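These protein sequences, in sequence, are chains V and E. Using this note's numbering, the first residue of the first sequence is number 1, and each one after it goes up by one. Using this note's numbering, the first residue of the second sequence is number 370, and each one after it goes up by one.
There are 2 protein chains.
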Amino acid sequence: MKIRDFLTEQWMNEYERQARFNLTDTSVQAWSAGELLEKEPEALEHLVLDYGYIPGDPALRKEVLSLYQDQREETLTFCHGALQGNTMIADILLSPGDHVITIAPGYQQFVEYPIHKGASVDVVELDEENGWSLDLDKVRQALRPQTKMLFFANPSNPTGTWTSGKAMEELIELCRMHDLWLVCDEVYLVPDGHSLSVSDLYEKAVVTGSLSKQYGLPGLRFGWIKGAPDVIAAIDVYRDYTIISCGPLVERMALIALRQRASLLQAAAERIARNKAVLQSWLASSPNFSCHLPEKGSVAFLKIPDAITDSADFARQLLEQTGIFFVPGACFGKEGYVRMGLGQDIDGLESVLQTLEEFTRTYLEEQRG
Amino acid sequence: MKIRDFLTEQWMNEYERQARFNLTDTSVQAWSAGELLEKEPEALEHLVLDYGYIPGDPALRKEVLSLYQDQREETLTFCHGALQGNTMIADILLSPGDHVITIAPGYQQFVEYPIHKGASVDVVELDEENGWSLDLDKVRQALRPQTKMLFFANPSNPTGTWTSGKAMEELIELCRMHDLWLVCDEVYLVPDGHSLSVSDLYEKAVVTGSLSKQYGLPGLRFGWIKGAPDVIAAIDVYRDYTIISCGPLVERMALIALRQRASLLQAAAERIARNKAVLQSWLASSPNFSCHLPEKGSVAFLKIPDAITDSADFARQLLEQTGIFFVPGACFGKEGYVRMGLGQDIDGLESVLQTLEEFTRTYLEEQRG
């Protein structure tokens with residue numbers, strides 16, 4: 001069965017390579033293989049490229065488990081990126097006729113993939129006026145007898161919404177009461193003592209993580225699935241049919257990355273903080289733009305003037321005329337916004353934002369024209 | 370929805386690392402990353418690990434296309450191994466209620482995965498007496514109005530069955546008459562002027578290939594899907610939801626491999642020929658074993674004595690007592706055989722086979738008791 005176009009991904013595929021200033025990339029600036037191998041230059045020399053350990057290299061499994069409070073081996077399996085992890089969870093947990101609740105604006109995968117599996121999906125709108133927060137009452141209203149899971153990214157793409165603390169406790173309580181799976185794509189999260197994975201909070205949670213966003217290594221296509229042991233066991237059977245293993249090459253590079261994660265993550269945090277500071281200062285005096293800059297993650301949803309009713313046209317013309325690249329809100333089913341990435345090195349971000357402001361003024365004038 | 374255990378893969382996972390003499394591995398002896406990088410030692414130095422080209426690196430696409438007669442760009446997409454490619458084809462082409470025909474003994478994926486998709490599957494038994502050939506009449510008898518595709522590996526695992534020439538022409542004619550997709554896992558094939566991919570013979574063929582078997586590089590987890598452009602286009606949309614890309618690291622290594630494929634494939638051919646010669650000479654005088662050694666591919670199905678009715682017990686005891694490792698016929702739903710790999714370097718294969726013979730004699734004596 002075919003599946004609907006993935007609008008964000010297609011927009012990226014079509015335009016990304018024309019970008020001079022990529023202000024929309026969700027990943028932190030990517031490292032090169034050479035940079036990663038600097039501290040272990042001989043790491044690949046004798047690495048035999050057979051299937052490797054089917055459940056994953058034991059040393060790498062240990063490193064990934066160390067990110068979580070629950071470090072039981074049976075709570076973890078590996079996959080080619082969190083995106084694939086999300087599909088595997090849906091493949092195992094969903095049957096035709098099941099009902100899924102997700103959030104909007106959000107990542108289109110959580111809507112279309114369950115539909116592709118024969119499930120139905122209801123979308124809960126995030127509270128725009130309240131910093132894109134999740135309103136639990138709306139989740140309650142979306143519940144049906146067939147509801148099987150809540151399925152969303154936390155932190156979310158494109159809004160950066162991070163449901164945690166008391167809000168997450170209440171959400172978990174709701175899931176527990178209705179016996180729901182809580183499936184969270186945590187690709188924008190690096191769990192630590194202050195920010196727990198929901199897999200450490202709820203017994204029917206299954207989450208995904210990867211090295212693609214905060215670690216700046218999407219090119220490894222390495223991720224994992226973490227959570228309820230019976231789901232992990234079923235996915236391990238399913239992996240034999242779908243991937244066998246992630247392979248020793250990618251796993252060795254992932255191990256090297258996780259061993260030096262302190263420095264990778266510090267560099268990422270500094271990049272994001274630097275970009276946020278420039279953005280905040282610009283937003284404070286911008287006549288046209290506003291944004292709820294998120295606490296976590298590397299994406300935000302930038303509000304463009306209400307008068308711009310076709311975000312795709314705006315983004316396309318902006319790219320053509322200035323080289324500034326955004327994914328338009330239209331790709332997330334939400335006009336009035338563009339998706340902004342916070343983790344790239346942009347030469348002279350201040351002046352790029354100034355160019356954006358000037359282009360927008362002219363665009364609005366021509367529109368009134 | 371869960372899926373049934375994949376018996377061969379689970380057997381491999383459980384026992385493979387105990388093997389001293391792995392006589393069952395389907396891949397040609399794996400290369401190390403260092404060996405592969407010998408001719409291009411700087412290849413990874415400046416390789417940025419972003420998502421890379423979403424449809425795949427253009428130079429790599431060109432190399433893969435060069436394996437086929439039909440070299441149109443729209444006939445090719447990349448994936449993490451042929452195994453994954455097979456699932457993607459099924460994901461796009463199959464709907465609940467469809468009917469699939471596959472062959473036996475064969476790779477369990479072609480039975481269970483369609484069933485997991487809600488399809489029904491009929492299995493056509495290969496002609497054991499006639500070198501495991503495919504009997505077209507049996508395919509005809511298995512046809513139903515709902516039959517959507519033929520789905521099998523060619524050459525096949527575990528029998529090495531290679532359907533080609535006139536037999537393949539007739540099979541294609543049958544598919545054409547009934548408007549069937551012909552989906553062939555060609556992971557054991559390296560297409561050349563003498564051995565054509567079925568994607569070059571039939572307009573409704575979709576095939577998979579990879580570097581895992583003949584190229585000795587399963588650790589790259591790199592493969593491709595080749596065939597009917599409308600299926601490839603639908604899979605490209607689907608890839609956005611499931612993998613995004615294969616990533617620049619794996620693709621660069623794949624490019625290096627394909628650029629030196631003449632030497633990789635020659636080494637593989639020599640290994641297989643050497644092992645076949647030793648096997649043939651042993652089989653000629655073996656009182657207990659016989660085998661139809663296949664024309665193509667790197668696997669064969671070794672006939673064990675009829676008196677051994679539990680191939681799993683035989684294989685387990687053989688491994689424990691001698692370190693010789695086989696996947697038993699039971700994993701393929703066929704007693705009386707073990708699956709043999711032809712592409713590994715086995716130190717002193719003659720004497721290992723002698724050990725196998727001696728163990729078997731004792732095993733039979735103990736069985737008679």
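Glycine included, every Cβ here is placed at the ideal spot set by N, Cα and C. Treat the numbers as computed from the prediction; the structure is a model and nothing was measured.
Which residues does DSSP pair with residue i in a beta bridge?
i: Val-321/E; result: Since the displayed chain E opens at 370 and closes at 738, residue 321/E lies outside it and no answer follows.
i: Arg-339/V; result: Phe-301/V and Val-327/V
i: Phe-447/E; result: Trp-593/E
i: Phe-701/E; result: Looking at the DSSP assignment, Phe-701/E forms no beta bridge with any residue, so it has no partner.
i: Leu-551/E; result: Leu-519/E and Ala-574/E
Is the distance from the Cβ of residue i to the Cβ of residue j below 7 Å?
i: Leu-416/E; j: Ser-210/V; result: no
i: Ala-451/E; j: Val-556/E; result: yes
i: Gln-398/E; j: Gly-529/E; result: no
i: Ile-101/V; j: Asp-122/V; result: yes
i: Ala-428/E; j: Leu-624/E; result: yes
i: Lys-276/V; j: Ser-290/V; result: no
i: Phe-591/E; j: Gln-477/E; result: no
i: Lys-2/V; j: Ala-597/E; result: no
i: Asp-192/V; j: Asp-70/V; result: no
i: Phe-359/V; j: Thr-309/V; result: no
i: Val-278/V; j: Leu-349/V; result: yes
i: Tyr-202/V; j: Tyr-482/E; result: no
i: Trp-224/V; j: Phe-78/V; result: yes
i: Ser-212/V; j: Ser-27/V; result: yes
Given residue i, which residues of its chain have a CB within under 7 Å of its CB, disregarding the five upstream and five downstream residues?
i: Ile-244/V; result: Tyr-51 and Ile-54
i: Gln-686/E; result: Tyr-732
i: Leu-264/V; result: Tyr-215, Gly-216 and Ala-257
i: Lys-39/V; result: Gln-260
i: Arg-621/E; result: Ala-412, Leu-413 and Leu-416
Within 7 Å of any Cβ in chain E, is that where the Cβ of residue i sits?
i: Tyr-363/V; result: no
i: Trp-181/V; result: no
i: Ala-30/V; result: yes
i: His-99/V; result: no
i: Ser-298/V; result: no
i: Asp-5/V; result: yes
i: Ala-142/V; result: no
i: Gly-227/V; result: no
i: Tyr-68/V; result: no
i: Glu-381/V; result: With chain V represented from 1 up to 369, any question about residue 381/V goes unanswered, as that position is not in the structure.
i: Tyr-107/V; result: no
i: Pro-218/V; result: yes
With a CB to CB cut of under 8 Å and the five nearest residues on each side skipped, what residues in its chain are close to residue i?
i: Asn-22/V; result: Glu-16, Phe-325, Gly-341, Gln-344 and Ile-346
i: His-661/E; result: Gly-500, Trp-501, Thr-528, Gly-529, Ala-669 and Phe-670
i: Leu-462/E; result: Lys-517, Met-518, Trp-550, Val-552, Val-575 and Val-600
i: Ala-388/E; result: Leu-688, Gly-692, Ile-693 and Phe-694
i: Arg-509/E; result: Leu-543
Which same chain residues, not among the five before or five after residue i, have their C-beta less than 6 Å away from its C-beta?
i: Lys-138/V; result: Val-124
i: Asp-185/V; result: Ala-82, Asn-86, Ala-153 and Thr-208
i: Lys-334/V; result: Pro-105
i: Asp-135/V; result: Asp-127
i: Glu-170/V; result: Leu-136
I'd like to know if residue i contacts chain V, where contact means its C-beta is closer than 7 Å to some C-beta of that chain.
i: Pro-427/E; result: no
i: Met-370/E; result: yes
i: Ala-402/E; result: yes
i: Leu-413/E; result: yes
i: Gly-592/E; result: no
i: Val-600/E; result: no
i: Asp-605/E; result: no
i: Ile-458/E; result: no
i: Tyr-739/E; result: In the structure as shown, chain E starts at 370 and stops at 738, and residue 739/E therefore has no counterpart that could be examined.
i: Ile-423/E; result: yes
i: Leu-416/E; result: yes
Taking residue i as part of the alpha helix (DSSP H), name the residues at either end of that continuous run.
i: His-468/E; result: Unbroken run through His-468/E is the beta strand (DSSP E), 468 to 473; no alpha helix (DSSP H).
i: Glu-378/E; result: 376 to 384
i: Cys-544/E; result: 534 to 546
i: Val-139/V; result: 136 to 142
Hey, quick one: how far does the beta strand (DSSP E) through residue i stretch, first residue to last?
i: Ser-720/E; result: Where Ser-720/E is concerned, there is no enclosing beta strand (DSSP E), although the alpha helix (DSSP H) it sits in stretches over 718 to 737.
i: Ala-681/E; result: Taken as a continuous stretch (DSSP letters only), Ala-681/E belongs to no beta strand (DSSP E), being part of the alpha helix (DSSP H) at 680 to 691.
i: Thr-516/E; result: 516 to 522
i: Thr-577/E; result: 574 to 579
Nearer than 6 Å: is that true of the beta carbon of residue i relative to any heavy atom of the ligand SAH?
i: His-46/V; result: Among the components modelled here there is no ligand, and therefore nothing to report on the ligand SAH.
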